[in-house]
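Engineer:
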Amino acid sequence: MFTRHIKVLCWPTLLSLLMLAGCSTAASHNSAAVRSDRQQLWSLATQAADHTLTATEAIAATDTLCGHYVTFARLQSMAGDEGHMGASSAKQAWHSCLLAVVADAAGRHIMALGLLYKSVGLMPREPAFNDLLLRELLTAGQYRHAVALARQAIKSGQFGDEAWRWLALAYATQDRTVKALSVVSQGLGHYSKSRALLTLQIAIEQSRHDVAAQKRSVMQFIRQFPKDRKGYLDMIDLAEQASAPAVANYFRASYLRRFPKDDLSRIFKIETQTFPPILSIMRSKMQALQRRRPQSKLVLVGLCQIEGRLHNISAQARLLNAYLLRYGDQLDVARQYMQTLLAEHKSALAAKTLMQWSLRHPEWVSWQLFCAQSLIELKQIQQGDSVLKALVGRCPHSSAAIEALAYRLQIEKHPAAAVQLMQRFMNQYGTTVPRLLVLTDLYFQAHQTKKAVQTQLRVLSIMPANAEVNNDLGYTWADQGVHLARAKAMILRAIRNYPFDAASRDSLGWVLYKQGHPHHSLVELLKAIELPGGQNPDGLNHFAIVLNHIGNTPHALVVWGLALRLLAQKQHLGALAGHDLRLRSAIKREMKTARLFEKIRQHQQERSM
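Residue numbering for the sequence shown follows our numbering, beginning at 7 and increasing consecutively.
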């Protein structure tokens, strides 16, 4: 099935949003540890209520306290109220809020919602409580309640631009990007210098691949915040996450002009330089700077990047290892270190290092998933699966861990077990749209199309504007030749919110072809091919089929040939999946039939002459 491949806005769960990098504590179940946890939680709530700690600091400290490995039993133990019944309403509100952070970490979203509603009831004007409540409502899929909460906040006038950001966020999470941008525009009308609203506007426009609108917003941001270092860095991160290197480089260049003597400017100069002699001079300067400032993290990063650009893999590996030893484990640095080991053909050392790393942070979900997936990529299947299964045993509440294990079961040709695992997890920890989408994918992989369609319809009952499901289900029906009018309406709904998405545009062309409008179909299919990511085997196959249908067989054969070359490239990279194999066979059959009919047509023309 030709699925939608765009970078949609992915709003993290409450815990992942607040998580401190590298912070973890081992869970303890003895009574002394339970009392200690409870006392620390009340201490944090007291400090937050007394304004000794800011909201961000209190929440981050709670995240550190509960760690990544949170059991339901531990959550219950931390919720004890003995000796605190006489606490002030502010302290009780903060205690409930911080417990909600722990509940979210334990996968208990309904409990987290109840605790946050209690906090908001006790302190309705506290922005942190409202912000967390809105995000938890979105995580739990209660979109109408999230929109109502944001509208009430706007009406109260107590939260400024934050209330407008909440409402835009609620719509954007539902893939209602047009409505979200409208809300942002209204918010900027009231708060023209709102950094939060401008940042959200750029993020939404990047998700829509709306380059022109994105450029306008970027220029508006530069004009509004010309001296904001953090703003530039946020824009660079945002552009890289959305795979927009041109935008990221624009902000790097702007940062260089604005802050030429900043340490980060040195890094940006390295990232934009490709001439080896100049890089060698930069390396000498950075080495001299490192001798003067041996504790500088940015100098070490700069040296790593220079060695990488000069293709000195061994030196880069040594520097990356030194970084991990000095500053602790960080995922992005660990990934780079693995890449250098593989570039040096040190697969055995890479596998050994990954196993050692997996033992260092048994409760850190992202770290364990990285270790497991890297081991599997190194063909160390047994070790990778053992790390993954151990993680699921320790963190049964983790969606990411369960989903990774489900996909492993599917790959190992146990599709029924994969579906059952996901269903059990949802029965215990609740149904959300992202989990339903994973279940849909597992059904399709297991060739249970009827159940997959039923699950997609269930998603649309919760989130009617979900662009991925509207496109996928619309395409499925179009491909089957059923419900064509409804399929077209669904695909158009997806295009309305993501007008520059190649997959949705291709689906529209395909449904028009199925409705008997080949010439209109060609227009849409050509638009899809011209969009970013549009030149893929599926889209080219559709274009060739329609070309052949209207009698332009020579051009159709050329397009099919291009599709086969793209599939051959995927095969060379080892990325050919089952769908690709079926597509390749279908294209070859189509080409064989088209050539035969073309010969017959030419023979008939010769006879008529």
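Beta carbons: idealized from backbone N, C-alpha and C, even for Gly.
In this text, all values refer to a predicted model and were calculated from it rather than measured experimentally.
Are V444 and M428 close, meaning C-beta to C-beta below 9 angstroms?
Structural biologist: It is a contact, given that the beta carbons lie within the stated cut-off.
Engineer: Just mark A622 as buried or exposed, buried being the case when its beta carbon has 16 or more other beta carbons within 10 Å.
Structural biologist: Nothing can be reported for residue 622: it is not among the residues displayed for the chain, which extend from 7 to 615.
Engineer: Given this structure, state the Cα-to-Cα distance separating I312 from L326, to the nearest angstrom.
Structural biologist: Cα-Cα distance, rounded: 12 angstroms.
Engineer: Which whole-angstrom value describes the C-beta separation of A424 and L415, a residue pair presumed to lie in contact below a C-beta threshold of 8 angstroms?
Structural biologist: Indeed they touch by this definition, with Cβ atoms about 4 angstroms apart.
Engineer: Quick check on L384: does DSSP put it in helix, strand or coil?
Structural biologist: L384 falls in the coil class under three-state DSSP.
Engineer: Classify G480 as buried or exposed, calling it buried when 16 or more other Cβ atoms lie within 10 Å of its own Cβ.
Structural biologist: Result: buried.
Engineer: Suppose you measure from the CA of R588 to the CA of P421; what does that come to, to the nearest Å?
Structural biologist: In a straight line, the C-alpha of R588 is about 19 angstroms away from that of P421.
Engineer: Going by DSSP in three states, A412 sits in which element: helix, strand or coil?
Structural biologist: Three-state DSSP puts A412 in a helix.
Engineer: Can you give me the start and stop residues for the alpha helix (DSSP H) that L582 sits inside?
Structural biologist: That residue, L582, is in no alpha helix (DSSP H); it is neither H nor E in DSSP.
Engineer: Just how far apart, CA to CA, sit M432 and A356?
Structural biologist: Their backbone Cα atoms lie some 35 angstroms apart in a straight line.
Engineer: By Cβ distance below 6 angstroms, which residues in the same chain neighbour L173 in space, the five residues on each side in sequence not counted?
Structural biologist: Closer than 6 angstroms at Cβ, skipping near neighbours: A156 and V189.
Engineer: When we look at the beta-carbon of A328 and count the other beta-carbons within 10 Å, is it buried (16 or more) or exposed?
Structural biologist: Exposed: under 16 other Cβ atoms inside 10 Å.
Engineer: Just to confirm, is the Cβ distance from A99 to A55 under 9 angstroms?
Structural biologist: Yes, these two residues count as a Cβ contact at 9 angstroms.
Engineer: Using the Cα positions of Q158 and L138, report the straight-line distance between them to the nearest angstrom.
Structural biologist: Cα to Cα, the separation comes out at about 15 angstroms.
Engineer: Does the beta-carbon of F227 have 16 or more other beta-carbons within 10 angstroms, so that it is buried, or is it exposed?
Structural biologist: F227 comes out buried.
Engineer: Please look up how many angstroms separate the CB atoms of L498 and L514, rounded, as I've assumed it's under 8 angstroms.
Structural biologist: So it is a contact: roughly 7 angstroms between Cβ atoms.
Engineer: Just verifying my parser: in three-state terms, what is the DSSP assignment at L105?
Structural biologist: Looking at L105 - three-state DSSP - the assignment turns out to be helix.
Engineer: I need the straight-line Cα distance from H525 to A509, nearest angstrom please.
Structural biologist: Between H525 and A509, the C-alpha separation is close to 19 angstroms.
Engineer: By how many angstroms is the C-alpha of K576 removed from the C-alpha of E612?
Structural biologist: The straight-line gap from Cα to Cα measures roughly 41 angstroms.
Engineer: Quick check on DSSP: helix, strand or coil for C401?
Structural biologist: C401: coil per DSSP, three-state reduction.
Engineer: Look at the Cβ atom of T183, then the Cβ atom of L244, and state whether they are nearer than 9 angstroms.
Structural biologist: The answer is no: Cβ separation not under 9 angstroms.
Engineer: Less than 9 angstroms between the beta carbons of L285 and L316, yes or no?
Structural biologist: Contact flag set, yes.
Engineer: Thinking just about the alpha-carbon of each residue, which of Q192, R464, Q82 and L375 is nearest to the one in K395?
Structural biologist: When only C-alpha atoms are compared, the closest one is L375.
Engineer: Does the segment 194-203 come close enough to the segment 212-224 that 3 or more CB-CB pairs lie under 8 angstroms?
Structural biologist: With a cut-off of 8 angstroms, the segment 194-203 and the segment 212-224 do not count as touching, because too few Cβ pairs lie within range.
Engineer: Whole angstroms are fine: how far does the CA of I593 sit from the CA of R571?
Structural biologist: Straight-line Cα distance between these residues: approximately 12 angstroms.
Engineer: Quick check for students: name the residue ranges of the alpha helix (DSSP H) that lie wholly in the segment 418-472, counting only runs of 4 or more.
Structural biologist: Taking only runs of at least 4 residues, the alpha helix (DSSP H) segments lying wholly in the segment 418-472 are 421-435, 439-451 and 455-468.
Engineer: How many angstroms separate the CA atom of C377 from the CA atom of L563?
Structural biologist: Rounded to the nearest angstrom, the two C-alpha atoms are 45 angstroms apart.
Engineer: Whole angstroms is fine: what's the gap from V253's alpha carbon to K303's?
Structural biologist: If I take the Cα positions, the gap works out to 25 angstroms.
Engineer: Using a 10 Å radius around the Cβ and a threshold of 16 neighbouring Cβ atoms, would you call F617 buried or exposed?
Structural biologist: No information on residue 617 is available, as it lies outside the stretch 7 to 615 that the chain covers here.
Engineer: If you draw a straight line from the C-alpha of E211 to the C-alpha of P505, how long is it?
Structural biologist: Taking the straight line from one Cα to the other gives about 11 angstroms.
Engineer: Excluding five sequence neighbours on each side, which residues of the same chain lie with their C-beta closer than 7 angstroms to the C-beta of L665?
Structural biologist: Absent from the structure is residue 665, since the part of the chain shown begins at 7 and ends at 615.
Engineer: Exposed or buried, which one is A500 when buried takes at least 16 other CB atoms within 10 Å?
Structural biologist: The residue is buried, with at least 16 neighbouring Cβ atoms inside 10 Å.
Engineer: On the premise that V565 lies in contact with L546, defined as a C-beta separation below 8 angstroms, what is that separation, rounded to the nearest angstrom?
Structural biologist: That pair is a contact at about 5 angstroms.
Engineer: Leaving out five residues on either side along the sequence, give the residues of the same chain with a beta carbon under 7 angstroms from the beta carbon of M597.
Structural biologist: Contacts found: L563 and W566.
Engineer: Round the Cβ separation of T1 and L81 to the nearest angstrom and send it over; I've been treating them as touching at under 8 angstroms.
Structural biologist: Any property of residue 1 remains undetermined from this structure, which presents the chain solely from 7 to 615.
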